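*Asks:* One structure coming up, written as structure tokens, with questions to follow.
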Amino acid sequence: MKNALTLACLLGAAAAMAQTGMLITAEEFKASAEAPELPVPRSTQLPGAPRIELLSPDLNKPIAAPTNIELRFTGSAPAEPRPESFKAMYGAFRIDITQRLLKVAKVTKDGISVSGADLPAGKHQLTLTLTDTLGRQTQQVLSFVVQ
27 MKNALTLACL LGAAAAMAQT GMLITAEEFK ASAEAPELPV PRSTQLPGAP RIELLSPDLN
87 KPIAAPTNIE LRFTGSAPAE PRPESFKAMY GAFRIDITQR LLKVAKVTKD GISVSGADLP
147 AGKHQLTLTL TDTLGRQTQQ VLSFVVQ
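Numbered by the working numbering, the letters in the sequence shown go through residues 27 to 173 in order.
The structure is reproduced here in structure tokens:
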């Protein structure tokens with residue numbers, strides 16, 4: 027019941043912030059941080075599946091907020107990545123932040139770039155998915171710390 031109430035509060039907060047450039051709310055961050063850690067799926071990519079490459083920021087060190095984010099999409103001929111299939115899910119509750127991200131992002135067939143993405147300080151996890159024109163899907167989990 028507590029998780030259902032938390033999720034309902036998160037959905038309300040998400041609707042309230044839909045007009046802002048924030049990618050997540052403080053409430054979403056707090057609820058995700060307090061949730062039990064979910065296992066990261068271990069799966070092999072389908073041969074030829076599209077790839078999502080993080081060009082910036084460098085996840086091997088803490089990130090300052092706001093930060094710039096740059097993702098590159100690549101495919102294997104004859105298929106091409108379908109940018110419209112891109113999804114970004116946040117944290118333990120896998121909150122869909124795709125539309126929030128796209129509101130502040132520049133999207134091309136080659137990837138996505140965001141200037142000044144605003145995230146609260148702390149540990150974060152994003153699950154990114156992308157499908158190509160042959161229906162092959164890739165999933166990438168990014169874990170990082172914002173100072």
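C-beta: ideal position from N, C-alpha, C; glycine also.
Bear in mind the structure is a predicted one, so any value in this text is a computation, not a measurement.
Which partner residues of GLY148 appear in the DSSP bridge assignment?
*Replies:* Partner(s): VAL172.
*Asks:* Hey, out of GLU53, PRO107, THR51, whose CA is closest to ARG77's CA?
*Replies:* The shortest Cα separation from ARG77 among GLU53, PRO107, THR51 belongs to PRO107.
*Asks:* Taking 8 Å as the cut-off, decide whether the C-beta atoms of ASP158 and GLY101 are in contact.
*Replies:* A contact, by the Cβ cut-off of 8 Å.
*Asks:* Assuming contact is defined by CB atoms lying nearer than 8 Å, are VAL133 and PRO109 in contact in what I supplied?
*Replies:* Contact: yes.
*Asks:* In this structure, how does DSSP classify LEU33 when only helix, strand and coil are distinguished?
*Replies:* Here LEU33 scores only 34 on pLDDT, less than 50, and its place in the model should not be relied on; the value that follows carries that caveat. Helix.
*Asks:* What span of residues does the beta strand (DSSP E) with GLU79 cover, start to end?
*Replies:* Per DSSP, GLU79 belongs to the beta strand (DSSP E) from 77 to 82.
*Asks:* Compare the C-alpha of GLU96 against each of GLY142, GLU53, ILE138, ALA57 and name the closest.
*Replies:* Comparing Cα-Cα distances from GLU96 to each of GLY142, GLU53, ILE138, ALA57, the minimum goes to ILE138.
*Asks:* Consult DSSP for GLU106 and reduce its assignment to one of helix, strand or coil.
*Replies:* Three-state DSSP puts GLU106 in coil, outside helix and strand.
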